[in-house]
Amino acid sequence: MFGYLIKRLIQMIVVLWVVSVLVFVMMSFTGDPTYMMVPLDATEEQIAQARRLLGLDESHLVQYWRFLLNVLQGDFGRSFVFRQPALQLILERLPATLEIVFLAMVIALVVAIPLGVYAGANPGRPLSRAVMAGSLVGISLPGFWVGMVLIFVFAVRFQFFPSSGRGPTTELFGLRVSFTSWEGFRHLILPAITLSIGTLAILMRIIRAEMMEVMKQDYIKFARAKGAAQKGVLFKHGLKNALIPLVTVFGLMLGDLIAFATLTETIFAWPGIGKLLVDSIYRGDRPVIVVYLMFVAFMFVVVNFVVDVLYALIDPRIKIK
Amino acid sequence: MSEAARMSVAQPAPLLSVRNLRTWFHTFGGVVKAVDGVSFDVAPGEILGLVGESGGGKSMVGFSIMGLIDPPGRIEAGEIVFEGEDLARLDEARMRRVRGKRVAMIFQDPMTALNPLYTIGNQLEEMLKLHTDLPSARRRERAIEMLREVGIPQPESRLDNYPHQFSGGMRQRVVIAISMIARPRLLIADEPTTALDVTIQAQLLRLMKHQVTQNAASLILITHDLAAVSQMADRIVVLYCGRIVEKGRAADVIERPRHHYTRGLLDSIPHHDKAQARLRQIPGSVPDIRKLPPGCAFAPRCPAAQDICRRVEPELVETATGQAAACHFPIEATR
Amino acid sequence: MTALAQRFLASELFHNYRRNASAIIGSLIVLFFAGMITIGPWVVAQDPYDVAQLELLDSFKPPVWLEGGSPQYWLGTDGQGRDVLASIVYGSRISLFIGLTAMIGSCLIGTTLGLLAGFYGGRLDSVIMRIADIQLSFPSVLTALFLMSAFGTGVEKVLIALISVGWVVYARTVRGSTLRETQKEYIQAARVSGLPNAKIILRHVLPNVLTPLIVVATIQVGTFVLIEASLSFLGVGVPITKPSLGLLIKNGFDVLFSGLWWISVFPGLFIMLIVFGINLLGDFLRDELNPRLK
Numbered sequence: 280m281f282g283y284l285i286k287r288l289i290q291m292i293v294v295l296w297v298v299s300v301l302v303f304v305m306m307s308f309t310g311d312p313t314y315m316m317v318p319l320d321a322t323e324e325q326i327a328q329a330r331r332l333l334g335l336d337e338s339h340l341v342q343y344w345r346f347l348l349n350v351l352q353g354d355f356g357r358s359f360v361f362r363q364p365a366l367q368l369i370l371e372r373l374p375a376t377l378e379i380v381f382l383a384m385v386i387a388l389v390v391a392i393p394l395g396v397y398a399g400a401n402p403g404r405p406l407s408r409a410v411m412a413g414s415l416v417g418i419s420l421p422g423f424w425v426g427m428v429l430i431f432v433f434a435v436r437f438q439f440f441p442s443s444g445r446g447p448t449t450e451l452f453g454l455r456v457s458f459t460s461w462e463g464f465r466h467l468i469l470p471a472i473t474l475s476i477g478t479l480a481i482l483m484r485i486i487r488a489e490m491m492e493v494m495k496q497d498y499i500k501f502a503r504a505k506g507a508a509q510k511g512v513l514f515k516h517g518l519k520n521a522l523i524p525l526v527t528v529f530g531l532m533l534g535d536l537i538a539f540a541t542l543t544e545t546i547f548a549w550p551g552i553g554k555l556l557v558d559s560i561y562r563g564d565r566p567v568i569v570v571y572l573m574f575v576a577f578m579f580v581v582v583n584f585v586v587d588v589l590y591a592l593i594d595p596r597i598k599i600k
Numbered sequence: 017m018s019e020a021a022r023m024s025v026a027q028p029a030p031l032l033s034v035r036n037l038r039t040w041f042h043t044f045g046g047v048v049k050a051v052d053g054v055s056f057d058v059a060p061g062e063i064l065g066l067v068g069e070s071g072g073g074k075s076m077v078g079f080s081i082m083g084l085i086d087p088p089g090r091i092e093a094g095e096i097v098f099e100g101e102d103l104a105r106l107d108e109a110r111m112r113r114v115r116g117k118r119v120a121m122i123f124q125d126p127m128t129a130l131n132p133l134y135t136i137g138n139q140l141e142e143m144l145k146l147h148t149d150l151p152s153a154r155r156r157e158r159a160i161e162m163l164r165e166v167g168i169p170q171p172e173s174r175l176d177n178y179p180h181q182f183s184g185g186m187r188q189r190v191v192i193a194i195s196m197i198a199r200p201r202l203l204i205a206d207e208p209t210t211a212l213d214v215t216i217q218a219q220l221l222r223l224m225k226h227q228v229t230q231n232a233a234s235l236i237l238i239t240h241d242l243a244a245v246s247q248m249a250d251r252i253v254v255l256y257c258g259r260i261v262e263k264g265r266a267a268d269v270i271e272r273p274r275h276h277y278t279r280g281l282l283d284s285i286p287h288h289d290k291a292q293a294r295l296r297q298i299p300g301s302v303p304d305i306r307k308l309p310p311g312c313a314f315a316p317r318c319p320a321a322q323d324i325c326r327r328v329e330p331e332l333v334e335t336a337t338g339q340a341a342a343c344h345f346p347i348e349a350t351r
Numbered sequence: 361m362t363a364l365a366q367r368f369l370a371s372e373l374f375h376n377y378r379r380n381a382s383a384i385i386g387s388l389i390v391l392f393f394a395g396m397i398t399i400g401p402w403v404v405a406q407d408p409y410d411v412a413q414l415e416l417l418d419s420f421k422p423p424v425w426l427e428g429g430s431p432q433y434w435l436g437t438d439g440q441g442r443d444v445l446a447s448i449v450y451g452s453r454i455s456l457f458i459g460l461t462a463m464i465g466s467c468l469i470g471t472t473l474g475l476l477a478g479f480y481g482g483r484l485d486s487v488i489m490r491i492a493d494i495q496l497s498f499p500s501v502l503t504a505l506f507l508m509s510a511f512g513t514g515v516e517k518v519l520i521a522l523i524s525v526g527w528v529v530y531a532r533t534v535r536g537s538t539l540r541e542t543q544k545e546y547i548q549a550a551r552v553s554g555l556p557n558a559k560i561i562l563r564h565v566l567p568n569v570l571t572p573l574i575v576v577a578t579i580q581v582g583t584f585v586l587i588e589a590s591l592s593f594l595g596v597g598v599p600i601t602k603p604s605l606g607l608l609i610k611n612g613f614d615v616l617f618s619g620l621w622w623i624s625v626f627p628g629l630f631i632m633l634i635v636f637g638i639n640l641l642g643d644f645l646r647d648e649l650n651p652r653l654k
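Protein chains in written order, with this note's numbering: chain Y, 280 to 600; chain E, 17 to 351; chain H, 361 to 654.
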């Protein structure tokens, strides 16, 4: 177990290092950020000086080395636009993103598990076919377009929900959250639904496929031969076996939700890290883009690690070597 | 005394009486007649061997009795009368009270028959939960008792182990324990030792026989292994391509087979008492069951086949000793 | 050729296809779009990118069945008096061109890398597969978004971004089947007999690893259409001179709050329709070509 943890830790560091190289190389492609920093009427000399100040006159290798040293100290540079540490910007906006991501995940799981299990255990029934067709529509929809339609119907036409922004927030365990008040929750609901659609559809298909696979196993037939009722067989012997693989897709699910949060947050003007990323791309705010990517990479790597350990703990067959 | 009267004196009322059973599968390539007009009886306390090559429809007989035929298969016709009740006509809810409680089944592969995510104790007690109203503590006691009976050492501690912590042979013992724990009247064992090591096959067969006799239950042993059956069974039914080709008392069928297929099967068993130069095989292989030839299905592989065998399907004809064979030219007793 | 056609008509694939309603609906949708992008431009009212054909007076007309709609513009017009239907026809051409081209590019690059990795193994294999692993731990939308933020807008840049995220799935699939295939005796025999590696790969390995790719490739076109739409919606995809369906939605989004819904809703519906059709077809092929699931 200990050896495994060490091995995984080294893997995680290698992945993060590769990501840092890729991010650095790509960012060097995007042109000279000096022009972002100097006034429009700056002279050649001023520009050269600013470039020296930013360290951009040195070789790429030296630049990368300095970048790496800074990153290791938690210094990702300051945002060109906000003039404050980029990491701080991300951390400030993180709770807002986590909030819609978390709610979207809950919606997806609560809807997808019962429907997926039903469709997998009773293939061919009308409801199962409807579930399958619905999930196929779900994965074919552009999520941001769903958000737009929701805004149009529920915010513009009927004004059930606000169309954009984050409602009032309250402090909970040091995080600013909005689901605690009704008004805040009303702001939360449309973005969360929009974000959940794609994940919900994919989950439903995965669960259905797993369930179908499990229902073919001998132990299901043996359980039926024991005289277990169809429902009992389903829930006791099928569900647990079908849901364990879900743990492994948890990392992917979270990744997709974070990625699509960029679009959802843009549509709903939701002040999270996704909108911050998109805005920073428009403004060429390089330090913020870099810190976003490094931060998200760090998050994925940690989540995948936790998922692997969790999987081994849940499934009695797997022993960590 | 008439033939029928003689039979009824010789045998008590059967526990299970399968009459003209047809279980067909409707597939893309045509209708697969996995079981096609099969009739046999199982007396109380009797051990019946159901023998044939793989693909011969033996397992489907077992699944039909259990009511576990999944689409595209279904029971087309026939009766499965068990303790006076036709199982083929029972609805799912009533069938559930038969499964496990009155008829239990053991599957071929013990590696896959147990749910990997539950302890074996849990799976043993599930059977008791389903069919008895024993309190939890009694269930546990009974499970331990049952594990001890099937020869699992330290049953108290093994109860909380998961299936993957047992060897194949041990798992099949667990499966037998699960099947017998509710004291069913009939046990159907579908190739129970095929997936296991040769050295433990005999042990497990003995264990099963012991369990069945102890509970005064009957056993249908489905296997391709005539040698195993000859030591265990009271009577033998030989299936070929979904039909019965021969049935009778075990000693009769083994000593004096009347059907050439049975003879072929017997010749392919190694005998330690006879010096055989080499084992004989049945030439050819089991035909595609969707495209059976007209007449006797065994004719293409039969050493004694004549013209008529390829045209007319032979009837199952019973002799005075109760042995029956479906053959136009049955082997006459010479020994 | 006719013999081939006859064999296809008699095959189990075709037999099952004829009985599978969703497969038929899927192919009808795909056929509809094929017709739309080939002959569509000659059918619709105008070329939405020829300024001379636009009537500013006709701007913001609602769809024909609503009050104020004009029979000339079935699905209404946008702020420049552009026919929404015509924009959709031209936009579908751009979206599908990008989806198909990026799929072909990903397939070629991914298959090549997968074959090399699977056939030669060793360091080449581990380098390619580690890169694939790292990339797979990131959602493709995010990777593509990041690449586009570095490249700037442009059709060819979108293609590069999509191919950069799309090759992985082919490389992994092909590597897996190549490994299985090279274990087989006939390949071993060919190797021993001194046939050049290139010939072995092309003649013996490649044809045997292609089948699973059909499903991947089909579904990927749909995925790419969606990713491209997302990128263009965020303003980092195609340039405004080449509006794909995603960019049309973005343009319509700005006026959505004034109640002018048709400009953005219809392009979205068409995206959904084409991706849905592709997915229906992909699902059918997956069930048919993957015997494990049967």
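Just so it is clear, CB atoms sit at the ideal spot from N, CA and C, and this is done for glycine as well.
Assign residue i to one of three DSSP states: helix, strand, or coil.
{"i": "Ser553/H", "result": "coil"}
{"i": "Ala243/E", "result": "helix"}
{"i": "Lys286/Y", "result": "helix"}
{"i": "Gly409/H", "result": "The sequence shown places Tyr at residue 409/H, rather than the Gly named in the question. In the structure shown, Tyr409/H sits in coil (DSSP, three-state: anything other than H, G, I, E or B)."}
{"i": "Pro595/Y", "result": "coil"}
{"i": "Leu555/Y", "result": "helix"}
{"i": "Pro364/Y", "result": "strand"}
{"i": "Leu570/H", "result": "coil"}
{"i": "Val328/E", "result": "coil"}
{"i": "Gly45/E", "result": "coil"}
{"i": "Val141/E", "result": "First, the amino acid is wrong: residue 141/E is Glu here, not Val. Helix."}
{"i": "Val261/E", "result": "strand"}
{"i": "Trp344/Y", "result": "helix"}
{"i": "Trp621/H", "result": "coil"}
{"i": "Phe182/E", "result": "coil"}
{"i": "Glu101/E", "result": "strand"}
{"i": "Asp647/H", "result": "helix"}
Comparing the C-beta of residue i with each C-beta of chain H, is any distance below 8 Å?
{"i": "Leu542/Y", "result": "yes"}
{"i": "Ala398/Y", "result": "no"}
{"i": "Leu589/Y", "result": "no"}
{"i": "Ala387/Y", "result": "no"}
Would you please verify whether the beta carbon of residue i is less than 8 Å from any beta carbon of chain E?
{"i": "Lys600/Y", "result": "Note that Lys600/Y has pLDDT 39, beneath the 50 cutoff, so the model's placement of it is unreliable and the number below is only indicative. False, the Cβ-Cβ gap to chain E never drops below 8 Å."}
{"i": "Pro595/Y", "result": "yes"}
Does the CB of residue i have a neighbour CB from chain Y at under 8 Å?
{"i": "Asn380/H", "result": "no"}
{"i": "His42/E", "result": "no"}
{"i": "Lys654/H", "result": "The predicted model places Lys654/H with a pLDDT of 38, which falls under 50 and marks its position as unreliable; any figure quoted below should be read in that light. False, the Cβ-Cβ gap to chain Y never drops below 8 Å."}
{"i": "Met76/E", "result": "no"}
Quick one: list the residues of chain Y neighbouring residue i, beta-carbon separation under 7 Å, in chain order.
{"i": "Ala589/H", "result": "Pro421"}
Find the residues of chain H that neighbour residue i, judging by a C-beta separation of less than 7 Å, and give them in chain order.
{"i": "Ile568/Y", "result": "Ser509"}
Answer with buried or exposed for residue i, where buried requires no fewer than 16 other C-beta atoms within 10 angstroms of its C-beta.
{"i": "His42/E", "result": "exposed"}
{"i": "Thr473/Y", "result": "buried"}
{"i": "Trp425/H", "result": "exposed"}
Starting from residue i, find everything on chain Y with Cβ-Cβ shorter than 9 Å and list it in chain order.
{"i": "Leu146/E", "result": "Lys505, Gly506, Ala507, Ala508 and Gly511"}
{"i": "Met489/H", "result": "Within 9 Å Cβ-Cβ: nothing; Met489/H doesn't reach chain Y, min ~13 Å."}
Counting only Cβ pairs nearer than 8 Å, list the residues of chain Y close to residue i.
{"i": "Gly582/H", "result": "Ser419"}
Residue i touches chain H at which residues, Cβ-Cβ below 9 Å?
{"i": "Val435/Y", "result": "Leu616, Phe617, Ser618, Gly619 and Trp621"}
| task | Could you run through the stretch 503-528 of chain Y and flag, in chain order, every residue whose CB is less than 9 Å away from some CB of chain E? | result | Arg503, Ala504, Lys505, Gly506, Ala507, Ala508, Gln509, Gly511, Lys515, His516, Lys519, Asn520 and Ile523
| Using a Cβ cut-off of 9 Å, which residues of the stretch 474-498 of chain Y contact any Cβ in chain E, in chain order? | Gln496, Asp497 and Tyr498
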